[in-house]
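Student: Quick one: the structure is below, and I'll ask about it shortly.
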Amino acid sequence: MIDVKNLSKSFGNHLVLDNLSQHIYPGEKVVVLGPSGSGKSTFLRCLNLLETPTSGTITFDGTDITDPKCDIDQVRQHMGMVFQHFNLFPNMTIRKNITLAPVRTRRMSQQEADDTATQLLRRVGLEEKADAYPNQLSGGQKQRIAIVRALAMRPKVMLFDEPTSALDPEMVGEVLDVMRQLADEGMTMVVVTHEMGFAREVGSRVLFMDGGHILEENKPQEFFANPKHPRTIEFLSKVL
Amino acid sequence: MLHGLINWLDKLGPRFYTAFMEADRWKLYLQGLGRTLEMTLVALVMGVILGVVVAVVRAAHDQQRAGRRKNPLLAILNFICKIYTTVIRGTPMMVQLLIWTFVIFPSIRDKILVGIIGLGINSGAYVAEIVRGGLMSVDGGQMEAGRSLGLGYLDTMRFIVVPQAFKNILPSLGNELITLFKDTSLVQAIGGMELVYYASTIGGRTFDYMPPYIGIAVMYLCIVVVLTWLQGKLERRLRQSDRR
Chain D
2 MIDVKNLSKS FGNHLVLDNL SQHIYPGEKV VVLGPSGSGK STFLRCLNLL
52 ETPTSGTITF DGTDITDPKC DIDQVRQHMG MVFQHFNLFP NMTIRKNITL
102 APVRTRRMSQ QEADDTATQL LRRVGLEEKA DAYPNQLSGG QKQRIAIVRA
152 LAMRPKVMLF DEPTSALDPE MVGEVLDVMR QLADEGMTMV VVTHEMGFAR
202 EVGSRVLFMD GGHILEENKP QEFFANPKHP RTIEFLSKVL
Chain B
2 MLHGLINWLD KLGPRFYTAF MEADRWKLYL QGLGRTLEMT LVALVMGVIL
52 GVVVAVVRAA HDQQRAGRRK NPLLAILNFI CKIYTTVIRG TPMMVQLLIW
102 TFVIFPSIRD KILVGIIGLG INSGAYVAEI VRGGLMSVDG GQMEAGRSLG
152 LGYLDTMRFI VVPQAFKNIL PSLGNELITL FKDTSLVQAI GGMELVYYAS
202 TIGGRTFDYM PPYIGIAVMY LCIVVVLTWL QGKLERRLRQ SDRR
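Sequence lines, in order, name chains D and B. When we follow my numbering, the leftmost residue of the first sequence carries the number 2, and every step to the right adds one. When we follow my numbering, the leftmost residue of the second sequence carries the number 2, and every step to the right adds one.
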């Protein structure tokens with residue numbers, strides 16, 4: 002579904018991603034782990050071109066999205082993204098936050114989008130917040146709305162960039178529950194996170210990154226039970 | 002000494018009477034004030050339109066996708082905008098007005114019109130920087146979130162970034178209005194018939210400059226105080242919606 006070939010990214014002289022190649026298959030739940038500064042967020046952000054790769058190609062559903070002629074807006078309509086800091090639009094209601102993109106990109110009429118919003122909000126238990134503004138919500142609620150906002154576009158893949166890192170510990174659970182539910186429904190997901198429990202339970206494959214390289218990749222059970230790379234062993238001994 | 006003071010105070014009333022009431026001179030002040038306000042408003046509208054265009058060009062240029070070939074048209078526009086703001090902000094308002102009047106438009110008789118052009122174009126350069134600052138003050142995550150949903154650059158600007166920037170821009174725009182209002186007095190120097198022009202004419206005719214000049218200073222002050230008050234009210238209202 003997403004094919005990454007020889008992806009490199011540098012900021013100035015600082016090489017953040019060093020010649021990565023990966024393939025993400027439909028239905029997979031890929032969890033990317035690693036210490037901060039390892040390039041995992043940059044990797045994720047390259048997948049929908051929020052960061053422009055320095056070199057390499059990324060193909061999504063057969064379209065080379067690194068081609069300058071590619072209409073990236075069109076491609077992004079099929080890739081949902083959830084940010085660490087939610088990035089809800091504070092100047093509009095929750096309903097408007099959710100329906101703006103589907104309506105403006107002509108994927109739905111306002112009526113359809115409103116119905117989709119109601120339906121999705123019910124699913125995450127925030128139906129009554131439709132007419133509230135983002136500032137009136139707690140962090141966990143905001144992040145659930147952010148997930149709903151991305152889902153309203155009916156994406157083929159969801160990218161999560163440390164979705165629980167900015168939350169109070171109490172609220173992490175409610176967001177992970179929504180993500181778990183999404184995973185159960187078969188959504189293709191790429192998740193950058195520090196939640197080891199989530200990685201173990203929900204992930205179908207774990208990538209461990211450090212220094213711009215993918216040092217190890219494995220099924221979660223194997224990965225946590227028998228880490229092979231010395232850096233992975235060191236990392237896991239510190240976080241578990 | 003004391004006698005002199007009493008004498009001075011004694012004549013104060015008649016002097017002001019001569020400057021304002023005699024021969025219905027107050028009508029001239031009102032006429033001048035009208036022109037001053039008119040110039041301020043038209044120049045402000047011009048400045049805001051120019052400023053927004055320049056700011057959007059500059060912001061769009063700076064936010065182009067790295068790596069992709071730069072849009073050459075945008076590069077040229079950006080260059081022109083940069084020269085515009087540099088020249089206007091780097092030269093005195095007075096010198097600009099003189100150049101508009103005597104170098105660029107020597108044939109235009111209506112000096113108020115020339116004044117409006119000069120003030121509007123001057124104001125545009127400052128508004129551009131205000132608007133650009135406002136756009137940059139919006140968290141970068143907002144643009145990213147909009148774009149990640151598949152919205153285009155212009156849609157994201159229009160629905161997400163600009164409405165949020167507006168709140169940050171309004172107070173500075175109020176200050177620009179006040180500056181512009183006071184700067185209209187410079188138009189007197191190129192022969193524009195506004196408030197200062199009438200005050201100095203009356204001063205010359207009555208051989209007494211103190212009452213008209215003090216009088217118009219009070220008028221300017223009153224209007225600025227009112228504008229400041231309105232600005233504060235507006236800001237308070239905007240801040241309230243933040244706490245919604």
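Note that beta-carbon positions come from the ideal geometry of N, C-alpha and C, so glycine has one too.
If we count the other Cβ atoms within 10 Å of its Cβ and call it buried at 16 or more, is ASP68(D) buried or exposed?
Tutor: Its Cβ having fewer than 16 others within 10 Å, ASP68(D) is exposed.
Student: Less than 8 Å separating the beta-carbons of THR185(B) and GLU195(B)?
Tutor: For THR185(B) and GLU195(B), yes; Cβs fall inside 8 Å.
Student: Rounded to whole angstroms, what is the Cα-Cα separation between ARG155(D) and ASP211(D)?
Tutor: Their backbone Cα atoms lie some 32 Å apart in a straight line.
Student: For the putative contact between THR43(D) and LEU18(D), defined by C-beta atoms under 8 Å, what is the C-beta separation to the nearest angstrom?
Tutor: At roughly 6 Å, the Cβ-Cβ gap stays under 8 Å, so THR43(D) and LEU18(D) are in contact.
Student: Measure from the C-beta of GLN143(B) to each C-beta in chain D and report whether the shortest distance is under 8 Å.
Tutor: It does; some Cβ of chain D falls within 8 Å.
Student: At a Cβ cut of 8 Å, what residues of the region 166 to 178 of chain D count as close to chain B, listed as they run along the chain?
Tutor: Residues passing the 8 Å Cβ filter: none.
Student: Less than 8 Å between C-beta atoms, sequence neighbours within five positions excluded: which residues of the same chain meet that for LEU155(B)?
Tutor: Correct list: empty, nothing qualifies.
Student: Who are the neighbours of PRO164(B) on chain D, taking C-beta pairs under 7 Å?
Tutor: Going along chain D in sequence order, the residues near PRO164(B) (Cβ under 7 Å) are ASN92.
Student: On the three-state DSSP scale, how would you describe LEU78(B)?
Tutor: Helix, per DSSP.
Student: Relative to the alpha-carbon of ASP72(D), which residue among THR60(D), LEU168(D), VAL191(D) has its alpha-carbon at the smallest distance?
Tutor: The residue with the shortest Cα to Cα distance from ASP72(D) is THR60(D).
Student: Establish whether the CB of ILE161(B) and some CB of chain D are separated by less than 8 Å.
Tutor: Chain D contact via Cβ: present.
Student: With DSSP run on the structure shown, which of helix, strand or coil describes ASN219(D)?
Tutor: ASN219(D) falls in the strand class under three-state DSSP.
Student: Please name the residue in ILE77(B), TYR198(B), ILE7(B), GLU236(B) whose C-alpha comes closest to that of ILE113(B).
Tutor: Comparing Cα-Cα distances from ILE113(B) to each of ILE77(B), TYR198(B), ILE7(B), GLU236(B), the minimum goes to TYR198(B).
Student: HIS15(D) by DSSP, collapsed to three states: which one?
Tutor: Strand.
Student: Taking the alpha helix (DSSP H) that MET144(B) falls in, what are its first and last residues?
Tutor: Segment 141 to 149, the alpha helix (DSSP H) holding MET144(B).
Student: Between the beta-carbon of MET95(B) and the beta-carbon of ALA190(B), is there less than 8 Å?
Tutor: In this structure, ALA190(B) lies closer than 8 Å to MET95(B) by Cβ.
Student: Got a sec, what are the start and stop residues for the alpha helix (DSSP H) LEU183(D) sits in?
Tutor: Looking at the DSSP string, the run of the alpha helix (DSSP H) that includes LEU183(D) is 170 to 185.
Student: Could you check where the beta strand (DSSP E) with MET190(D) kicks off and where it finishes?
Tutor: Where MET190(D) is concerned, the enclosing beta strand (DSSP E) stretches over 189 to 193.
Student: Closer than 8 Å, CB to CB, is SER124(B) near chain D or not?
Tutor: With 8 Å as the cut-off, SER124(B) does not count as an interface residue toward chain D.
Student: Near LEU152(D), what residues of its chain come up, given a Cβ to Cβ distance below 7 Å and the 5 sequence neighbours on each side ignored?
Tutor: If we look at LEU152(D) and ignore the five residues flanking it on each side, its Cβ neighbours are GLY81, LEU121.
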